[in-house]
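Trainee: Dropping a structure here in structure tokens format, bear with me for questions.
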Amino acid sequence: MKARVKNGIALALLPQILLVKWLARHPDRVEVFYSEGIYPVLSRFLRLLFGWIPFSFGDLLYTVLAVLAIRYLYLRWKTIRRKPFPFFRNIITVLSAVYFVFHLFWGMNYYRLPIEEKMGIATDYTSRELQALSEKLVQRTNSLHLQITRDSTMPVTVPFSDRDIYKMTYRGYQLIKEEHPFLEYKTRSLKSSLYSLPLTYMGYGGYLNPFTNEAQVNAKVPAFRLASISGHEVGHQIGYSAEDATNFIGFLVTSRHPDPYFKYAAHTHALAYCLSELSVADPEMFDMLYAGLNEGVRKNYQELVQFWERYQNPLEPLFKSAFSTFLKANNQEKGIESYNAAVGLLIGYDRAYGF
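Each residue of the sequence shown is one higher than the one before, counting from 4 in this note's numbering.
If you want it as structure tokens, here you go:
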């Protein structure tokens, strides 16, 4: 690439940042022209391009690019030390190109209208409403657990493979669009990540590759949780970047699914968020509700806790802190705490429509 072209791309970084900051002040325009205009067409094209590949092409792409970057540094290290300016110019050029592609392919969804505005629900709630929803979820979780196991002491064991769950997630989205057309999902591209082990050490259940639009699931997570994670990641695919929104969407899709294992995944996941909030707001009520869960449900929760504890490491908080900073830089003021903000959406939806 000629130096003039590199300079032009590098200099374009600042105007791009300013343009994105300006668009962030106009979420209604982003909603109409990008999230409901450009993005559905572009994202479906990417899923058509990469979705049929049986493994994660995006993960492979990241690996190849990392190897090429290391090779570049190794071969040119002496030149870089002698002439650092061209190297830093190249770095800014790459950052500018990545910034452009990221926002074009997916990132502008961070600046769309919040899902609560789209659905006309209020997310403020009282402690009484939190308790009421938690009680409802405990009752339904216990009922679903008994429907599956026929034994209150047995944990749920999922009989499906990862790929079965991904196919069933797609089916769930086909059903939910009848009730909420804006959740329509075309052309499935949902896969187990090649980086499932690193994701586990980082503390993540999955992620969306914004450059290939592949929804990546950490396949090492206990199976009873995979359905809700899959629903969450597809929520990112259809254009919702906010973590509270995709947690909420994941619950809607999996809770409406006809399969009881999916319903169980939805209710245990939503209940975990509610109980987490309740443990701060009313510890005594938290203890009472948790004790009221079937022993088998508590065993599933213990399975999940023990799973993450096995992979705890000193770097995990750093990864989560970095991700939280990334979220805050992309219009998510609460950072990683926005995951728990799904509780407000759940209560607001229950108040407006009922579960």
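Cβ coordinates follow ideal geometry from the N, Cα and C atoms, glycine included. All values reported here derive from a predicted model rather than from experimental measurement.
1) Quick check on DSSP: helix, strand or coil for E217?
2) For Q150, which residues in the same chain have their Cβ closer than 8 Å to its Cβ, ignoring the five residues on either side in sequence?
3) Output the boundary residues of the alpha helix (DSSP H) element that contains S199.
4) For a minimum of 4 consecutive residues, which ranges assigned as the alpha helix (DSSP H) are wholly contained in the stretch 18-65?
5) Which residue marks the beginning of the alpha helix (DSSP H) containing Y210, and which one marks its end?
6) Could you say which of G351, L281, L52 lies nearest to Q134 if we only look at CA atoms?
7) Would you kindly work out how many angstroms separate the C-alpha atoms of E287 and L278, rounded to a whole number?
8) Looking at A230: is its Cβ nearer than 9 Å to the Cβ of A269?
9) Going by beta-carbon coordinates alone, are G234 and T172 separated by less than 9 Å?
10) DSSP on K86, reduced to helix/strand/coil?
11) Could you tell me which uninterrupted alpha helix (DSSP H) segments, each at least 4 residues in length, are contained entirely in the stretch 117-186, listed from first to last along the chain?
12) Under 8 Å: do the stretch 96-112 and the stretch 17-33 share three or more Cβ pairs, one atom per stretch?
13) Give the single residue among I241, G295, L292, N216 whose Cα lies nearest to the Cα of W55.
14) Just to check my reading of the structure: Y198 and V237 have Cβ atoms closer than 8 Å, yes? What is that Cβ distance to the nearest angstrom?
15) Taking the Cβ atom as the reference point for each residue, do A222 and H239 lie within a distance shorter than 9 Å?
16) With A13 and I95 assumed to form a contact (beta carbons below 8 Å), what rounded beta-carbon distance in angstroms separates them?
17) Candidates K9, S38, Y37, D62: which alpha carbon is nearest L200's?
18) Are V300 and T129 close, meaning C-beta to C-beta below 9 Å?
19) Could you have a look at S192 and say whether DSSP puts it in helix, strand or coil?
20) Could you name the residues of the same chain whose beta carbon sits closer than 8 Å to that of G11, not counting the 5 residues immediately before and after it, in chain order?
21) Distance, Cα to Cα, F163 vs I232?
22) Would you check if the stretch 156-170 and the stretch 297-311 touch, i.e. whether three or more CB-CB distances between them fall below 8 Å?
23) When you compare each of D165, R259, P117, T126 to A245 by their alpha carbons, which one comes out closest?
24) Are the Cβ atoms of A125 and R313 separated by less than 9 Å?
25) Check the C-beta distance from P225 over to F310 and give it rounded, since I have them as a contact under 8 Å.
26) How long is the line joining the alpha carbons of H260 and S46, rounded to whole angstroms?
27) What three-state label does DSSP hand S244 in the structure shown?
28) Specify the secondary structure class of H235 as computed by DSSP and reduced to three states.
29) When you compare only the Cα positions, how much space is there between R359 and D285?
30) For F60, count neighbouring Cβ atoms within 10 angstroms of its own Cβ and tell me buried if that reaches 16, exposed if not.
31) Which residue from Y293, A248, L307, F103 puts its Cα closest to that of R228?
32) Report the option in M205, L211, K121 whose CA atom is closest to the CA atom of P30.
33) Go through its chain and collect everything with a Cβ distance to H148's Cβ below 6 Å, but skip five positions before and after it.
34) Out of E138, L71, Y169, which one is the CA nearest neighbour of G253?
35) Can you give me the Cβ contacts of G123 inside the same chain, cut-off strictly under 8 Å, excluding the 5 residues immediately before and after it?
36) Can you check whether the CB of L17 is closer than 9 Å to the CB of L98?
Mentor: In this structure, then:
1) Counted from its first residue, the sequence shown places residue 217 at position 214. Note: E217 maps to strand in three-state DSSP.
2) Against the sequence shown, residue 150 aligns to sequence position 147. Contacts found: P263.
3) Taking the sequence shown and counting its residues from 1, the one referred to as residue 199 is at position 196. Element bounds for S199: 199-205.
4) 42-53
5) Numbered from 1 along the sequence shown, position 207 holds the residue referred to as residue 210. Run containing Y210: none in the alpha helix (DSSP H); it sits in the beta strand (DSSP E), 209-212.
6) As a working note, residue 134 is residue 131 in the sequence shown. Here the closest residue by C-alpha is L281.
7) Translated into the one-based positions of the sequence shown, residue 287 becomes position 284. Translated into the one-based positions of the sequence shown, residue 278 becomes position 275. Roughly 11 Å between the two C-alpha positions.
8) Taking the first residue of the sequence shown as position 1, residue 230 is located at position 227. Taking the first residue of the sequence shown as position 1, residue 269 is located at position 266. The Cβ-Cβ distance between A230 and A269 falls below 9 Å.
9) Here residue 234 refers to the residue found at position 231 when the sequence shown is read from its first residue. Here residue 172 refers to the residue found at position 169 when the sequence shown is read from its first residue. Contact flag set, yes.
10) As a first step, residue 86 is located in the sequence shown; it is residue number 83 there, counting from the start. In the structure shown, K86 sits in coil (DSSP, three-state: anything other than H, G, I, E or B).
11) Fully enclosed alpha helix (DSSP H) runs of 4 or longer: 118-122, 130-152, 165-182.
12) Three or more pairs of CB atoms, one per stretch, sit closer than 8 Å, so the stretch 96-112 contacts the stretch 17-33.
13) Walking along the sequence shown from the start, residue 55 turns up at place 52. Looking at the Cα atoms, N216 is the closest of the given residues.
14) The sequence position of residue 198 within the sequence shown is 195, counting from 1. The sequence position of residue 237 within the sequence shown is 234, counting from 1. That pair is no contact at about 19 Å.
15) Numbered from 1 along the sequence shown, position 219 holds the residue referred to as residue 222. Numbered from 1 along the sequence shown, position 236 holds the residue referred to as residue 239. No, the pair does not count as a contact, with Cβ atoms beyond the cut-off.
16) Translated into the one-based positions of the sequence shown, residue 13 becomes position 10. Translated into the one-based positions of the sequence shown, residue 95 becomes position 92. Going by Cβ atoms, the distance from A13 to I95 rounds to 4 Å, so yes, they are a contact pair.
17) Along the sequence shown, read from residue 1 onward, the residue named residue 200 stands at position 197. Nearest of K9, S38, Y37, D62 to L200, Cα basis: D62.
18) Here residue 300 refers to the residue found at position 297 of the sequence shown. Here residue 129 refers to the residue found at position 126 of the sequence shown. Result no, Cβ atoms of V300 and T129 do not sit closer than 9 Å.
19) Here residue 192 refers to the residue found at position 189 of the sequence shown. Collapsing the DSSP output to three states places S192 in coil.
20) Here residue 11 refers to the residue found at position 8 of the sequence shown. Counting only residues of its own chain and dropping the five nearest sequence neighbours on each side, G11 has no CB closer than 8 Å to any other CB.
21) Indexing the sequence shown from 1 puts residue 163 at position 160. Indexing the sequence shown from 1 puts residue 232 at position 229. The alpha-carbon atoms of F163 and I232 are separated by roughly 15 Å.
22) Touching, per the Cβ criterion.
23) Working through the sequence shown from its first residue, we reach residue 245 at position 242. Per the Cα distances, P117.
24) Within the sequence shown, residue 125 is the residue found at index 122, counting from 1. Within the sequence shown, residue 313 is the residue found at index 310, counting from 1. Not in contact: A125 and R313 (Cβ atoms no closer than 9 Å).
25) The residue given as residue 225 occupies position 222 in the sequence shown. The residue given as residue 310 occupies position 307 in the sequence shown. So it is a contact: roughly 6 Å between Cβ atoms.
26) Numbered from 1 along the sequence shown, position 257 holds the residue referred to as residue 260. Numbered from 1 along the sequence shown, position 43 holds the residue referred to as residue 46. Distance between the alpha carbons of H260 and S46 is about 24 Å.
27) Within the sequence shown, numbered from 1, the residue matching residue 244 stands at position 241. Three-state DSSP puts S244 in coil, outside helix and strand.
28) Residue 235 sits at position 232 when you count from the first residue of the sequence shown. H235: helix per DSSP, three-state reduction.
29) Look at the range of the chain in this structure, 4 to 358, and you will see that residue 359 is not part of it.
30) For the purposes of this step, residue 60 is taken as the residue at position 57 of the sequence shown. Buried, by the Cβ-count rule.
31) Start at 1 with the first residue of the sequence shown, and residue 228 comes out as number 225. The shortest Cα separation from R228 among Y293, A248, L307, F103 belongs to L307.
32) What you label residue 30 is simply residue 27 of the sequence shown in a count that begins at 1. With distances taken between Cα atoms, P30 lies closest to K121.
33) Here residue 148 is taken as the residue at index 145 of the sequence shown, counted from 1. Excluding sequence positions up to five before and after H148, its CB lies within less than 6 Å of the CB of N297, G299, V300, all in the same chain and listed in chain order.
34) Position 250 of the sequence shown, counting from 1, holds the residue named residue 253. For the residues E138, L71, Y169, the minimum Cα distance to G253 belongs to Y169.
35) Taking the first residue of the sequence shown as 1, we reach residue 123 at position 120. Only A355 meet the Cβ criterion.
36) If you number the sequence shown from 1, residue 98 lands on position 95. If you number the sequence shown from 1, residue 17 lands on position 14. Not closer than 9 Å, so no.
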